[in-house]
Amino acid sequence: MELLTAILKKIEHYQTIIIHRHVRPDPDAFGSQVGLAKFIQANFPDKAVYCTGEDESSLNFLAKMDQVDDRTFTEALAIVCDTANRPRIDDTRYQSAQEVIKIDHHPEVDVYGNISWVDTNASSTSEMIFQFIDYSRNQGLDLTDEVARLLYAGIVGDTGRFLYPSTTEQTFHIAAQLIQYQFDRTQLYHDMYRISIPIARLKGYLLEQLNVSESGVCAVKLSKDILERYQVTPDQTSMLVGLYGDIEGIKCWAMFVEDEESIRVRLRSKGPVINQVAARYNGGGHPLASGATVYSWEEADQLIDALEELVN
Ligand SMILES: [Mn+2]
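Everything in the sequence shown is counted per our numbering, starting at -4 for the first residue and increasing by one.
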């Protein structure tokens, strides 16, 4: 509560507020960032509120980013949503802001910000933004339909449509309140889960290649050649990482995606805690869902060995 009061005071105090989130955004990153921005803008129409970071074409249905010039940062309050560590903040210019606030639900691997509100029990940062808004509503501020849509998208995204164990009674309670607002939930689901024909074909390839070790580790490698053959970009493969969750015998899995200069790794688990392994390979994240980066296929194999060790 004290944190919420402190955050609201800062928002009231600053005339210019710039909101950030992590690189390679997902619906929770966008939902929390833009949801908070639109909430502030709706309640304080005289303030200048911006969302910064690169646009993401697959999330255009949620929002587009603003252009912010360097000078604007020097007088601003920067709020960073859904980002555990500083290297992952999209737009490094938060460094020149007057003050920084961190709002996040990942394990705290990097303490930053003049105010830091971290709640690892929250399903999503969007859920936390709702809590903040709920608190502010008692102070007379209003939630709008568009804000409700954005936060709902963030919660749905990070809980895998209310499937993951991070989904709590509170999550459902918040979702129940959000759907009382006017937005097209069916359209939102269509936009979030529609897959293109190239991705559908790549899905077929991935299932065909399925290879599960005796201990329950599954690893799949998508080289540049394969991506080219299927006409899919590294970014577009992110929606396929959940593919293995329903397959029997798989305890944890890694998807390697070759990029220009590195190999991105997406790690998922049904029990063994994998973020320690991710941390050893230039990454991090949640206990059961992490990301990492390796620089050769040999290093990729070492990471697979680390998963084998973890499971055994
Ligand atoms: Mn999140």
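Ideal placement from N, C-alpha and C gives every residue a C-beta, glycine not left out.
Is it the case that the Cβ atoms of residue i and residue j are separated by a distance below 8 Å?
i     : j    : result
Y225  : L197 : yes
A10   : K42  : For the sequence presented, residue 10 should be read as Gln rather than Ala. Yes; because the gap between Cβ atoms is below 8 Å, this pair is in contact.
A79   : A92  : no
S27   : T115 : no
H15   : I84  : yes
S257  : Y290 : yes
V113  : E103 : yes
L(-2) : I110 : yes
D77   : A24  : yes
Q259  : T288 : It is Arg, not Gln, that sits at residue 259 in the sequence shown. Cβ distance < 8 Å, so R259 and T288 count as in contact.
Express the C-alpha separation of residue j and residue i in angstroms, rounding to a whole number.
i    : j     : result
E141 : S210  : 46 Å
K219 : S131  : 48 Å
A32  : M(-4) : 21 Å
P193 : R66   : 43 Å
Quick check: does the Cβ of residue i come within less than 7 Å of any heavy atom belonging to ligand 1?
i    : result
T120 : yes
H168 : no
D105 : no
D254 : no
D153 : yes
H15  : no
Does any heavy atom of ligand 2 sit closer than 7 Å to the C-beta of residue i?
i   : result
D23 : No copy of ligand 2 appears in this structure; the ligands present are ligand 1.
Could you check if residue i is buried or exposed, using at least 16 other CB atoms within 10 Å of its CB as the buried criterion?
i    : result
R144 : buried
M250 : buried
Y45  : buried
N133 : exposed
A171 : exposed
Y89  : buried
E164 : exposed
Give the DSSP-derived three-state secondary structure of residue i in the structure shown.
i    : result
T237 : With the sequence shown as reference, residue 237 is identified as Gly, and Thr is not the correct amino acid for it. Helix.
M187 : helix
K42  : coil
R156 : coil
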